[in-house]
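Chains as they are written, first to last, in this note's numbering: chain H, 2 to 255; chain R, 2 to 255. Working notes, structure below.
Protein chains: 2
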Amino acid sequence: MATGRTHRPATRSRGIPEATVARLPLYLRALTALSERSVPTVSSEELAAAAGVNSAKLRKDFSYLGSYGTRGVGYDVEYLVYQISRELGLTQDWPVVIVGIGNLGAALANYGGFASRGFRVAALIDADPAMAGKPVAGIPVQHTDDLEKIIEDNGVSIGVIATPAGAAQQVCERLVAAGVTSILNFAPTVLSVPDGVDVRKVDLSIELQILAFHEQRKAGEEAASPDGAGPASATRSKSADKGPDGDVPAVMPA
Amino acid sequence: MATGRTHRPATRSRGIPEATVARLPLYLRALTALSERSVPTVSSEELAAAAGVNSAKLRKDFSYLGSYGTRGVGYDVEYLVYQISRELGLTQDWPVVIVGIGNLGAALANYGGFASRGFRVAALIDADPAMAGKPVAGIPVQHTDDLEKIIEDNGVSIGVIATPAGAAQQVCERLVAAGVTSILNFAPTVLSVPDGVDVRKVDLSIELQILAFHEQRKAGEEAASPDGAGPASATRSKSADKGPDGDVPAVMPA
DNA sequence: GAGTGTGAATCCTTTCACAGCT
DNA sequence: AGCTGTGAAAGGATTCACACTC
C-alpha cells in the first residue's frame, strides 16, 4: 500500500466503465455466433436480445468504445468482433496456468472455451507428487516446486487457482511473486494481493446461496396466497421478483 | 418475451438490496470460520477484513437485516450466523439436481461446499445412456428421460445446468416445466426463462476475458513508462489500477 | 423510415461522518 | 472510549427519449 504516487484515476483510465467491460465478452459471444452464420449486420435490438441485455444498455456500452455503428442500419458484425476483441486484449495470446488439478482443475483444463478465445493453457500445476507427469487434457501435470520457473519460462501473467481453500493464499503469493498479475480464484477464500494485481472469484456455493434466498422468498409469497397447493406444481404465473433484468453482478468459487 | 413491464412490488416487503444479498454468503463464510475458532464476537472492522469488504459497507448491509450488533462491542458470531442463514434460507434443506455430468458436472457433484450449506445433491442427470447407473461422487447418474419424474419426486426447485451450450436451453425448459424456479447455468449461452424463474450464470471464459482486459491495460501503462525491462520481472511496485476495492459483480460460465 | 449515439433523468450502490448506545 | 446504525452526500449504472444520420 502507501504508494506515494496517487496517480491512476482508478478504474476509468481510458473511460470504459467496469460494468461495460463485464458485458463485452457477452456481446462478443453473440457476435461470434452471428459471424459463424455469416450474418453481415445486426441492429442493437437484435444483438441485445442475443446477449441477454436491453438495447439501450448495449448502445450505451458501445458508445464508450466509439461510434462503430451506422445509423439506420446497425453494426457490421465482423468489424465489431474485431473491435471488441481488440478492446478486450484477445487479439494476443494469453498463456494461463491452472494450479490445483483436482476435479475442478481437470474440468477447467478440459474446458474448450479457452482456446476459442485467446487463452492457452500453458501448464497444469499440482502439489501431489503422484500426479506429476500424468497428462490431463493432454497436458502433463507439473509439481508445485517448479511453479516459479514455469511462470517465468512461459511469460504467464494470468493464473487460475483451483486448489483447496487452505492452500489458495500461499499459491497466490507464489504466483504473484513470480510475476502473475491477474488471478481467477475458484477457492472459497478471500485472497489478499498487493496493489496492481487483479483478482476475480468464482464461487459456486455463493451463487447457490443467492438463488436460495430468492427461492425462499418465492415460497413465502406463495404461502401468503390463498390456496393450499402442494409443494411442486409448475409455477410461471407469478410475476418476476428479481430486478427488471435479473442481471446483477456477483461472483463465486466452485 | 415481451412481458409488459413487470409491476413494481418486487423486493418490497423486506427490501434487501441485491448487492447486499450477494454479499451475505461472504459474511456467512467468514463468520463460520470465526465460529469454528470459537470466537465469540467480532467488530465490523474485523469481519469486513475477513470477508474482503470495507466496514461501512458491511454495517450498511447488516442494517438491512436488523440491528443485530451491540454498540461499543460488535456482533455476536453465533447469533449472526443464525440470522444470516435464516435470511438466505439455509436453515432448510435444498435438494438440487445437476444436469450434464461431464468434467464440470462431475466436479460440481464432488464439490464439498454443497452439503456444508443447506444444499443436497438429489440427483445427477445426463443424456448419455452409457453413463446411466454409473456412480459419480457416490450418486448414480440417471438418464435425461426421467428428468421430470426426478424433479417432481424430489421436490427440486433449484437446478444446475452443466451441459454443452447447445443442450442448455432445452434442458432449461424441461426443468422449468417440471417445477424448477432457480437455475445456475454453467453453459455459455443466454437462457430465456419465463417470469418468476431466476437464472444465475457462471462463465469461466468471460471471467478470463475481463482479466485479459485489465491485463492488457497494465501492459500498456508499463510500455508507456520510460524503461525497457523484459517481460517477466516480479511486479508489485505499480500502484493499483482496478477500483478501490476490486469487487465488481459480473458472472460467467465454465 | 430505421436505428444509432447521447444528454438528461432515474435508480441503485457505496462512502462519509456522526449521533447514539453500552 | 469504542463501535454500531443510519441519514445524507457522492458516485455509478441503467433507462429514457429524442436529435441526428444514413
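Every residue, glycine too, gets a C-beta built ideally from N, C-alpha and C.
Taking the runs of the beta strand (DSSP E) that are 3 residues or longer, which of them lie wholly in the stretch 144-215 of chain R?
159-162, 183-186 and 199-202
Given residue 86 of chain R as reference, the closest of R/165, R/63 and R/107 once Cα atoms are compared:
R/63
Give the straight-line distance between the Cα atoms of residue 208 of chain H and residue 51 of chain R, rounded to the nearest whole angstrom.
19 angstroms
Just how far apart, CA to CA, sit residue 147 of chain H and residue 186 of chain H?
20 angstroms
Within 8 angstroms, do at least three Cβ pairs link the stretch 71-84 of chain H to the stretch 25-33 of chain H?
yes
Interface residues of chain R around residue 121 of chain H at Cβ under 7 angstroms?
Within 7 angstroms Cβ-Cβ: nothing; residue 121 of chain H doesn't reach chain R, min ~11 angstroms.
Thinking just about the alpha-carbon of each residue, which of R/212, R/180, R/211 and R/164 is nearest to the one in residue 189 of chain R?
R/164
Rounded straight-line distance, which links the Cα of residue 97 of chain H to that of residue 20 of chain H:
24 angstroms
Determine, using beta carbons only, whether residue 152 of chain R and residue 194 of chain R come nearer to each other than 9 angstroms.
no
Please list, in chain order, the chain H residues whose beta carbon lies closer than 9 angstroms to that of residue 109 of chain R.
104, 105, 108, 205 and 255
Quick one: list the residues of chain H neighbouring residue 38 of chain R, beta-carbon separation under 9 angstroms, in chain order.
In chain order: nothing, as chain H lies at least about 14 angstroms away.
Pair within 9 angstroms by beta-carbon distance, residue 54 of chain H and residue 27 of chain H
yes
From residue 167 of chain H to residue 49 of chain R, what does the alpha carbon distance come to, in whole angstroms?
20 angstroms
Which listed residue (R/174, R/158, R/117 and R/107) has its alpha carbon closest to that of residue 140 of chain R
R/107
What are the boundary residues of the beta strand (DSSP E) that residue 124 of chain H is part of?
120-127
Between the CA atoms of residue 45 of chain H and residue 60 of chain H - distance to the nearest angstrom:
7 angstroms
Between residue 65 of chain H and the rest of its own chain, which residues show a CB-CB distance below 8 angstroms, the 5 nearest in sequence each way excluded?
16, 17, 18 and 21
Give the DSSP-derived three-state secondary structure of residue 102 of chain H in the structure shown.
coil
Please return the same chain residues whose Cβ sits closer than 6 angstroms to the Cβ of residue 134 of chain H, not counting the five positions on each side in sequence.
141
Assign residue 93 of chain R to buried or exposed, taking buried as 16 or more other Cβ atoms, counted over all protein chains shown, within 10 Å of its Cβ.
exposed
Nearest-angstrom Cα distance between residue 159 of chain R and residue 178 of chain R?
13 angstroms
Examine chain R for any beta-carbon lying closer than 9 angstroms to the beta-carbon of residue 62 of chain H, and answer yes or no.
no
Counting only Cβ pairs nearer than 9 angstroms, list the residues of chain H close to residue 213 of chain R.
89, 90, 91, 93, 95, 118, 119, 120, 159 and 183
What is the DSSP secondary structure of residue 114 of chain H, reduced to helix, strand or coil?
helix
Since residue 131 of chain R and residue 111 of chain R are thought to touch, with beta carbons under 8 angstroms apart, how far apart are those beta carbons, to the nearest angstrom?
Between residue 111 of chain R and residue 131 of chain R the Cβ distance is about 20 angstroms, and since that is not below 8 angstroms, they are no contact.
Residue range of the alpha helix (DSSP H) that includes residue 65 of chain H
56-66
Give me the subset of the stretch 40-72 of chain R whose CB atoms are less than 8 angstroms from a CB atom of chain H, sorted by chain position.
51, 52 and 53
Can you tell me whether DSSP reads residue 53 of chain H as helix, strand or coil?
coil
Cβ neighbour criterion (16 or more within 10 Å) applied to residue 71 of chain R:
exposed
By a C-beta neighbour count over all protein chains shown, 10 Å radius and 16 as the cutoff for buried, is residue 118 of chain R buried or exposed?
buried
Bridge partners of residue 70 of chain H, per DSSP?
H/76
Around the Cβ of residue 171 of chain H, are there at least 16 other Cβ atoms within 10 angstroms (buried) or fewer (exposed)?
exposed
Which residues mark the beginning and the end of the alpha helix (DSSP H) in which residue 34 of chain R is found?
19-37
Alpha carbon to alpha carbon, how far is residue 115 of chain R from residue 214 of chain R?
32 angstroms
I think residue 204 of chain H touches residue 212 of chain R, with their Cβ atoms under 8 angstroms apart; what is that distance to the nearest whole Å?
The Cβ separation is near 16 angstroms, so there is no contact.
Report the neighbours of residue 30 of chain R on chain H: residues whose CB is nearer than 7 angstroms to its CB, in chain order.
189
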